[in-house]
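Participant:
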Amino acid sequence: MHLDTDSRDGTVEEASAQYADAVDPHDCSGIIGIVYGDVGTSELKCSVMAPLENGEYVQIPHDTCGPVLGQVDSMERKTNLSLDKAISMSQGEMIDIEEKVLANIVVIGYRDERGLLQTPKAPFKAGSAVTRADDELISKVIGIQQNEKSGAYIGLLNGHDIPIHLDINEMVQKHVSILAKTGGGKSYMVGVLIEELLKHKVTVIVIDPHGEYSSLKEAGKTSEFSEKFGVKPRGYADQISEFSPDTKVNKDAQPLRFTLGNLEARDILALTNVKNIRHALPTMKKVLDMIKANRQSFSMKDIIKTLEAQEDAQNANLIQELQYLDEINIFAERGTKLDELVKKGQMTILNLRGTAPEIANLIVNRVLTSLFEMRKINAIPPMLVVTEEAHNYCPQQGTTACTKIMRTIASEGRKFGLGLVIITQRAAKVEKNVLSQCGTQIILKITNELDLKAVTSSVEGLTTGVTKEIQQLPIGVAIVCGGNIQVPLFVRVRPRETRHGGESVKIIED
Ligand SMILES: Nc1ncnc2c1ncn2[C@@H]1O[C@H](COP(=O)(O)OP(=O)(O)OP(=O)(O)O)[C@@H](O)[C@H]1O
Ligand SMILES: [Mg+2]
22 MHLDTDSRDG
32 TVEEASAQYA
42 DAVDPHDCSG
52 IIGIVYGDVG
62 TSELKCSVMA
72 PLENGEYVQI
82 PHDTCGPVLG
92 QVDSMERKTN
102 LSLDKAISMS
112 QGEMIDIEEK
122 VLANIVVIGY
132 RDERGLLQTP
142 KAPFKAGSAV
152 TRADDELISK
162 VIGIQQNEKS
172 GAYIGLLNGH
182 DIPIHLDINE
192 MVQKHVSILA
202 KTGGGKSYMV
212 GVLIEELLKH
222 KVTVIVIDPH
232 GEYSSLKEAG
242 KTSEFSEKFG
252 VKPRGYADQI
262 SEFSPDTKVN
272 KDAQPLRFTL
282 GNLEARDILA
292 LTNVKNIRHA
302 LPTMKKVLDM
312 IKANRQSFSM
322 KDIIKTLEAQ
332 EDAQNANLIQ
342 ELQYLDEINI
352 FAERGTKLDE
362 LVKKGQMTIL
372 NLRGTAPEIA
382 NLIVNRVLTS
392 LFEMRKINAI
402 PPMLVVTEEA
412 HNYCPQQGTT
422 ACTKIMRTIA
432 SEGRKFGLGL
442 VIITQRAAKV
452 EKNVLSQCGT
462 QIILKITNEL
472 DLKAVTSSVE
482 GLTTGVTKEI
492 QQLPIGVAIV
502 CGGNIQVPLF
512 VRVRPRETRH
522 GGESVKIIED
């Protein structure tokens, strides 16, 4: 029986028959199929006669361009088993099933004599043998450079032993996003990235809402994969310092405190949710002038007392907000200096575990604003700010205390060498303007439709096949796009050198 898999010229059947004798179905290195049907310059179909998977790289000969690199975008098994026959089978009847597998290949291209990535201008020939691509062609066409000096080694190209490095300068200049559903492997990936940054003596500050990054101080365990990936366990304690507004909860951290003395009225109001700024600003200025005329160091309680003494009903909301700030104990006579917080080639963890969300936002705003101002005048080294749970700091809907500074760093940070690493499990809930400024994207498994939409609209070059794959990515495989990577790559994330601090909580141990 003829299986009409394609009404266009050429069928899988004909293509398969042509090479049936020549192909050993267990041979993984040779021909995997034959080009058939109507053939284009950017897409083609091929029969499949050897083990093959979505995302694999293949090479197709071309008359004028030489071997051209392609990638399996989707695959399909065509069968003649009808519903009726399937029912008969379930009742014990023996049925012969005729089946053929076809693959849709997207053409990635070839390098011309000037080294530029090109796609053929004329179609491939039907009947051409498609083979598995060799590592040399893949590296050359995709432009994978083994630049260990300025590259962060994040893992191996999936299915190959080609190490993948992300350009660190690109990351600092053009920001990075790490997107996946909860439990998708974001924090593990961030850990890998930070290990590389520390190895390259890059300055990093991590906004850590759950206190999971202090584990980077400790060496991890050797796993069976460590050797294959060339990774040895090690800790980075000598390059890590940790600060927290709540040192009762986070005992290993140094206290993070702000002084009032060098704050202007506008800065203090920025820490509050005061609505009536037109009244509050002149009032606050007056009160601060009165206090500063008598002494240099003062407390929040002094400001509150002076405001209360004015007996103005309009000050009620302002007093209430200041009382709240006083209670959370983030102000002290001596505040944390920025040069204590940021040290060249070191990582600083801002451990916000146990800190109320609105206070965390105020703190992040304060720190990011200072970092941005100090970078502008080159008073601190170029650096990366890793923001876990970024949807809480720059949400798509509404604003928070740090929305403005996050937007500013996203759009202007590249000029000043202040890069953002945006991490979220809800891509749709992060402000689009911030997400779309990220030049490098690391995407792990995402299943929520709204999040997928947000990802595909902010990332260039994702084919339909790759978008489908995002929903099925196994733990430990990432799709990496942008930066120094010219086409989206499937990467097997390397094992961690350090202990991963974000392990899922188990009620029953293995
Ligand atoms: N590349 C990897 N190799 C091995 N295990 C991994 C890898 N990535 C993640 N895991 C495991 O998967 C689990 C979840 O990973 P991780 O904590 O990074 O998820 P997450 O995306 O940060 O989740 P959440 O949104 O809840 O913070 C962890 O227990 C971790 O050990
Ligand atoms: Mg996490």
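Under this note's numbering, the letters of the sequence shown match residues 22 to 531, in that order. Yeah, the Cβ is synthetic: ideal placement off N, Cα and C, and Gly gets one too.
If you measure between the beta carbons of LYS207 and LEU465, is that distance less than 8 Å?
Facilitator: It is a contact, given that the beta carbons lie within the stated cut-off.
Participant: Could you name the residues of the same chain whose beta carbon sits closer than 7 Å to that of LEU309, not counting the 5 residues immediately before and after it, in chain order?
Facilitator: Taken in chain order, the residues that qualify are ALA286.
Participant: Classify PHE393 as helix, strand or coil using the three-state DSSP reduction.
Facilitator: In this structure, PHE393 counts as helix in the three-state DSSP scheme.
Participant: Per the contact definition of three or more C-beta pairs closer than 8 Å, is the region 195–214 in contact with the region 446–463?
Facilitator: The region 446–463 is in contact with the region 195–214.
Participant: Could you check where the alpha helix (DSSP H) with HIS300 kicks off and where it finishes?
Facilitator: Segment 298–315, the alpha helix (DSSP H) holding HIS300.
Participant: Run through DSSP, which three-state label would PRO378 get?
Facilitator: PRO378 falls in the helix class under three-state DSSP.
Participant: Among all the DSSP beta bridges, which residues are the ones paired with LEU178?
Facilitator: Answer is VAL512, bridged to LEU178.
Participant: Roughly how far, in whole angstroms, is the beta-carbon of VAL227 from the beta-carbon of TYR234, given that I think they are within contact range, below 8 Å?
Facilitator: Yes, VAL227 and TYR234 are in contact; Cβ-Cβ is about 5 Å, under 8 Å.
Participant: What's the call for PHE279, buried or exposed, on a 16-neighbour Cβ count within 10 Å?
Facilitator: Counting Cβ neighbours within 10 Å, PHE279 comes out buried, since at least 16 surround it.
Participant: For GLY460, which residues from the same chain have a beta carbon less than 7 Å from its beta carbon, with the 5 sequence-adjacent residues on both sides left out?
Facilitator: Closer than 7 Å at Cβ, skipping near neighbours: GLU191, LYS195, HIS196, GLY503, GLY504.
Participant: Return yes when at least one heavy atom of ligand 1 lies under 7 Å from the C-beta of HIS412, else no.
Facilitator: No, since every heavy atom of ligand 1 falls outside the 7 Å radius drawn around the Cβ of HIS412.
Participant: Expressed to the nearest angstrom, what Euclidean distance is found between the alpha-carbon atoms of SER247 and SER171?
Facilitator: Rounded to the nearest angstrom, the two C-alpha atoms are 22 Å apart.
Participant: Since VAL56 and ASN75 should fall inside the 8 Å C-beta cutoff, what is the C-beta to C-beta distance between them, to a whole number of angstroms?
Facilitator: Between ASN75 and VAL56 the Cβ distance is about 18 Å, and since that is not below 8 Å, they are no contact.
Participant: Taking buried to mean at least 16 other C-beta atoms within 10 Å of its own C-beta, is GLY522 buried or exposed?
Facilitator: The residue is buried, with at least 16 neighbouring Cβ atoms inside 10 Å.
Participant: Which same chain residues end up closer than 6 Å to VAL406 when comparing Cβ atoms and leaving out the 5 residues on each side of it in sequence?
Facilitator: Cβ within range, chain order: ILE226, LEU441.
Participant: Apply the 10 Å Cβ neighbour rule to LEU137 and answer buried if 16 or more other Cβ atoms are within range, or exposed otherwise.
Facilitator: When all chains shown are included, LEU137 counts as exposed.
Participant: What number of angstroms, rounded off, separates the C-alpha of VAL512 from the C-alpha of GLN166?
Facilitator: When rounded, the distance between both Cα atoms is 15 Å.
Participant: Please state whether the Cβ-Cβ distance between GLU342 and VAL385 is less than 8 Å.
Facilitator: The answer is no: Cβ separation not under 8 Å.
Participant: For SER160, which three-state DSSP category applies?
Facilitator: It is helical.
Participant: Would PRO378 be called buried (16 or more neighbouring beta carbons within 10 Å of its own) or exposed?
Facilitator: Result: exposed.
Participant: Which of helix, strand or coil does DSSP assign to VAL388?
Facilitator: In the structure shown, VAL388 sits in a helix (DSSP, three-state: H, G or I).
Participant: To which residues of the same chain is VAL533 closer than 7 Å at the C-beta, ignoring the five residues directly before and after it?
Facilitator: Outside the displayed range of the chain (22 to 531) lies residue 533, so it cannot be described from this structure.
Participant: Is the number of C-beta pairs between the region 71–91 and the region 106–114 that are closer than 8 Å three or more?
Facilitator: No, the region 71–91 is not in contact with the region 106–114.
Participant: Over what stretch of residues does the beta strand (DSSP E) that includes GLN341 continue unbroken?
Facilitator: Element bounds for GLN341: not the beta strand (DSSP E) but the alpha helix (DSSP H), 337–348.
Participant: Shorter than 7 Å, the distance from the beta carbon of SER208 to the closest heavy atom of ligand 2, or not?
Facilitator: SER208: yes, Cβ under 7 Å from ligand 2.
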